[in-house]
Structures are given as C-alpha cells and as structure tokens.
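S.K.:
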Amino acid sequence: MSPTDPDASGAPSGRRTGPAPSGPIEDEATLRRVQRATTCVLRELDRVCGELGIAYAVYGGTAIGAVRHQGFIPWDDDVDVCMPRADYERFLELAPGAIGEDFVVMSQRSHRDYPKTFAVMGLVGTQFVPAAAAQRSFPVPIGVDVFPLDRVPRDRRAFRRQSRRTWVWGRMLFLHGSATPETGLTGAVGAAASAVFHAVHGTMRGLRVSPAALYQRWERAARLYEDGSGRSAGGSRVLGDYSTQEPLRWSASEAELFPTSRVPFEDIMVELPRGYDAVLRRGYGDYMALPPQEERVNHKPVRVDFGRHDPDAM
Numbered sequence: 031m032s033p034t035d036p037d038a039s040g041a042p043s044g045r046r047t048g049p050a051p052s053g054p055i056e057d058e059a060t061l062r063r064v065q066r067a068t069t070c071v072l073r074e075l076d077r078v079c080g081e082l083g084i085a086y087a088v089y090g091g092t093a094i095g096a097v098r099h100q101g102f103i104p105w106d107d108d109v110d111v112c113m114p115r116a117d118y119e120r121f122l123e124l125a126p127g128a129i130g131e132d133f134v135v136m137s138q139r140s141h142r143d144y145p146k147t148f149a150v151m152g153l154v155g156t157q158f159v160p161a162a163a164a165q166r167s168f169p170v171p172i173g174v175d176v177f178p179l180d181r182v183p184r185d186r187r188a189f190r191r192q193s194r195r196t197w198v199w200g201r202m203l204f205l206h207g208s209a210t211p212e213t214g215l216t217g218a219v220g221a222a223a224s225a226v227f228h229a230v231h232g233t234m235r236g237l238r239v240s241p242a243a244l245y246q247r248w249e250r251a252a253r254l255y256e257d258g259s260g261r262s263a264g265g266s267r268v269l270g271d272y273s274t275q276e277p278l279r280w281s282a283s284e285a286e287l288f289p290t291s292r293v294p295f296e297d298i299m300v301e302l303p304r305g306y307d308a309v310l311r312r313g314y315g316d317y318m319a320l321p322p323q324e325e326r327v328n329h330k331p332v333r334v335d336f337g338r339h340d341p342d343a344m
C-alpha cells in the first residue's frame, strides 16, 4: 500500500473477467486476482524500464512486501514504484511506445483531466475505483502507481514552505472532481482547513479551473530545487515524494536508493532500494512486525473491473 493513497478494494470470488460488485475486497480469491493482475503490470514495467535504462525501485508497502513476504503484503491490493524525476520524465516520454498493447501509461502528460500528481501504468480496459475517488468521472485502470521523486532543499524553512505548497496544490487537484471536499485532517486544524477547502472548491467550480492548471502549480513547486540546491552535506542528492503530506518522511538519498538489488516479488523479480532498511524504518518504524488486525486495510473500491483480462491466466 502506498504512503499517499491508503484506500481499499472489493469484489467477489470466482473466475470472471467483468465488473465486480462494489465493496471492500473481503474474499481471498478476488484479492488474489487483483494482485495477479497488478503483478502482470509490474512485470511489464520492470521489462520496459530495463530495456530503456530507466531507474526505478519498489516503494512503500510494495517494498515491505518484497522484503517481508517476497510478494504482496497479504491484504494489500496495489503496487507502488518510485523514480528520480529525470527517470520519471523519460518513463512518461518513452514507455508508452515500448509497452505491450495490453498496457497504458496515464499521467497529466497524456490525459489533461488526469486527477493525480503521479502516473499510473495499467491494464487497458480495466478499472479500479477506490471509495475516495467514487465521485470522479475519470476512470483509472488496475495497475502500478509511479511516483516521481524530487530534490529536497537543505534549508528546513525552505523545505517547509515547499511542502505546504505541494500539499495545497496536490490536495486541490484531488478535491477538484469531488462533490464533498475533505481534507483528511482532524481537530481545530482540520476544521479550519475544511472551511478553506470548501470555499476553494466552490471557487474552482465557479471559475472552471482545470486539473491541468492545478497539476502545473503542483509540479512547479515540487521541482523548485531541481537546480542542485537540494544537495545534502554528504554530496548525495536527497529526494522526496511531494505527492505526500510529509515528503521528508518519504525521502531518501540517492545512495539509499541506488544501485538497487534484484529481489523476488510473487513470481517475478523487481528492483529494491539499496538502503531499504533505513528508508522503510524512516517511513514505517518496525516494518518487519505485522500490524494489528484493525490496521490491515487496503483500498475500498466502489468498482473493480477486469475488462477482457483474466487474472487467473496471467
């Protein structure tokens, strides 16, 4: 499960390739079908990145799964990978022409109404709609989330300013297609933020602000230190995921990420960050310990559709 998109998934069991009823994935058979379909996409992404010389690493819960389970965390239903910004841009440019006909790469580069700050590589004709995105009209396929990593400035005040900007623009993009804008925050801060976002949400609709315009603001803030001022004292670039509310928590130096090592994941091999232990402990604490039962959650889709694909044959 990604650190940025902690939703859940759902469907019934059985060998079927059409839409699944709405609700969380509660049966093992359906969950495994989602995992197999997603593994198929990850296999293709790994192949294409290898052929094109694009650096990537499994990320978040996918990295935990690779280390702790040699595959998916048993209850997880998605895959996350990360790429340094330069590799991410090359992926968006070159991967669409190199992937097989069963796959698609979606991002703001290819789809102006795309509602996320990161790309997805998915299976053509499939849908995976988390409850959090139920009111959106943009269909996102079953697949792999691809997160760009951007430079983190050494100056903490500059970093805090940058993080606030990326969170605000990213949240506005997320809220753009939602009928009820929610901030995800609680308490007095949450109440204040909710009031602001409701006002902004209404203004965006009134002015017909486009997702592309919001994304451009987010990307400009995320890439603010691309000129090299993000070098750490040790000389290695520190990279952060500005799709999250806490980029520093999900940050890593180049030396922690690369060179990656090939490790098993389900029935394929994937790239694991060189310093995975430090990266995962920074993000999760004791990641080798299984969480309490009530914390073993995944996405909660209102729709899962395998289209013409049969995950059991993948």
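Position one of the sequence shown corresponds to residue 31 (this note's numbering), numbered consecutively onward.
Every residue gets a Cβ at the ideal spot worked out from N, C-alpha and C, and that includes glycine.
Only a predicted model underlies this, so the values are computations on that prediction, with no experimental measurement involved.
#1: Does the beta carbon of residue 152 sit closer than 8 Å to a beta carbon anywhere in chain C?
#2: Which class does residue 318 belong to by DSSP, given the choice of helix, strand or coil?
#3: Are residue 205 and residue 147 closer than 8 Å when you measure CB to CB?
#4: Taking the alpha helix (DSSP H) that residue 119 falls in, what are its first and last residues?
#5: What does a CB cutoff of less than 6 Å around residue 69 pick up in its chain, not counting 5 residues either side in sequence?
#6: Could you pull the DSSP bridge partners for residue 344 from this structure?
#7: How far does the beta strand (DSSP E) with residue 292 in it extend, from its first residue to its last?
#8: Buried or exposed, going by whether 16 or more other CB atoms sit within 10 Å of the CB of residue 178?
#9: Keeping to the same chain, check which residues put their C-beta closer than 6 Å to that of residue 341; ignore five residues upstream and five downstream.
#10: State whether the stretch 73 to 84 contacts the stretch 123 to 133, with contact taken as three or more CB pairs (one from each stretch) at a distance under 8 Å.
#11: What's the C-alpha gap between residue 183 and residue 244?
#12: Determine the direct distance from the alpha carbon of residue 325 to that of residue 90, and round the result to whole angstroms.
#13: Which residues share a DSSP beta bridge with residue 136?
#14: To the nearest angstrom, how far is it from the Cα of residue 97 to the Cα of residue 149?
#15: Report the residue from 124, 170, 59, 125 whose alpha carbon sits nearest the alpha carbon of residue 145.
#16: Using only alpha-carbon positions, find the residue among 251, 228, 217, 280 that is nearest to residue 312.
#17: Let's test the definition: count the other Cβ atoms within 10 Å of the Cβ of residue 117 and tell me whether it reaches 16, buried, or not, exposed.
#18: Let's see if you can read the secondary structure: which residues bound the alpha helix (DSSP H) around residue 246?
#19: Ordered along the chain, which non-local residues of its own chain (more than five positions away) have a Cβ less than 8 Å from that of residue 318?
#20: Which residues in the same chain as residue 109 place their Cβ atom closer than 6 Å to its Cβ, once the five residues preceding and following it in sequence are excluded?
#21: Please report how far the alpha carbon of residue 191 lies from the alpha carbon of residue 338, in whole angstroms.
#22: Nearest to residue 123 by CA position, among 158, 84, 250, 154, is which residue?
#23: Run through DSSP, which three-state label would residue 298 get?
#24: Leaving out the 5 sequence neighbours to the left and right, which residues in its chain are closer than 8 Å to residue 278 when beta-carbon positions are compared?
#25: Flag this pair as yes or no: are the beta carbons of residue 100 and residue 241 separated by less than 8 Å?
#26: Could you check the C-alpha separation between residue 142 and residue 239 for me, to the nearest Å?
#27: Suppose you measure from the CA of residue 157 to the CA of residue 134; what does that come to, to the nearest Å?
#28: Residues in its own chain within less than 7 Å of residue 248 by CB, not counting five upstream and five downstream?
#29: Assuming residue 180 contacts residue 252 under a Cβ cut-off of 8 Å, what Cβ separation, rounded to an integer in Å, is found between them?
#30: Run the CB neighbour count on residue 264, radius 10 Å, all protein chains shown included, and call it buried at 16 or more, exposed below.
#31: Count the other C-beta atoms from every protein chain shown that fall within 10 angstroms of the C-beta of residue 320, then say buried if there are 16 or more, exposed otherwise.
#32: Check residue 332 in the structure and name its three-state DSSP category.
#33: In whole angstroms, what separates the C-alpha of residue 82 from that of residue 222?
M.R.: Looking at the coordinates:
#1: The chain labelled as chain C is not found in the depicted structure, where only one protein chain is given.
#2: Secondary structure at residue 318: coil, using DSSP grouped into helix, strand and coil.
#3: 8 Å or more divides the Cβ of residue 205 from the Cβ of residue 147.
#4: Start and end: 115 to 124.
#5: A distance below 6 Å between beta-carbons, with the five flanking residues on each side excluded, links residue 69 to the following residues of its chain, in chain order: 296.
#6: Looking at the DSSP assignment, residue 344 forms no beta bridge with any residue, so it has no partner.
#7: Run containing residue 292: 291 to 295, per the beta strand (DSSP E) assignment.
#8: Buried is the label assigned to residue 178, since at least 16 other Cβ atoms lie within 10 Å of its Cβ.
#9: Residues 63, 66, 67 of the same chain have their beta carbon placed closer than 6 Å to that of residue 341, with the five preceding and five following residues left out of the count.
#10: With a cut-off of 8 Å, the stretch 123 to 133 and the stretch 73 to 84 count as touching, because enough Cβ pairs lie within range.
#11: Their backbone Cα atoms lie some 23 Å apart in a straight line.
#12: So the two alpha carbons sit approximately 15 Å from each other.
#13: Per the DSSP secondary-structure output, residue 136 pairs in a beta bridge with 150.
#14: Cα to Cα, residue 97 sits roughly 24 Å from residue 149.
#15: Taking only the C-alpha atoms, the option nearest residue 145 is 170.
#16: The residue with the shortest Cα to Cα distance from residue 312 is 280.
#17: Counting C-beta atoms within 10 angstroms of its own C-beta, residue 117 has 16 or more neighbours from the protein chains shown and is therefore classed as buried.
#18: Under the DSSP assignment, residue 246 falls in the alpha helix (DSSP H) whose first and last residues are 241 to 252.
#19: So the list reads 97, 98, once near-sequence residues are dropped.
#20: 68, 72, 92, 174.
#21: Taking the straight line joining both Cα atoms gives about 46 Å.
#22: Out of 158, 84, 250, 154, 84 has the C-alpha closest to the C-alpha of residue 123.
#23: In this structure, residue 298 counts as strand in the three-state DSSP scheme.
#24: Excluding residues up to 5 positions away in sequence, 182, 189, 193, 270 lie with their Cβ nearer than 8 Å to the Cβ of residue 278 in the same chain.
#25: Their beta carbons are not under 8 Å apart, which means residue 100 does not touch residue 241 by this criterion.
#26: Their backbone Cα atoms lie some 12 Å apart in a straight line.
#27: Those two C-alpha atoms are separated by around 12 Å.
#28: Excluding positions up to five away in sequence, the list reads 147, 196, 199, 200, 203.
#29: That pair is a contact at about 5 Å.
#30: Because residue 264 sits at a pLDDT of 45, beneath the cut-off of 50, its placement in the model cannot be relied upon, and the following sentence gives the value as read from the coordinates. Exposed, since its Cβ has fewer than 16 Cβ neighbours within 10 Å.
#31: Looking at its Cβ environment, which holds fewer than 16 other Cβ atoms inside 10 Å, residue 320 is exposed.
#32: Here residue 332 sits in strand by DSSP.
#33: About 47 Å.
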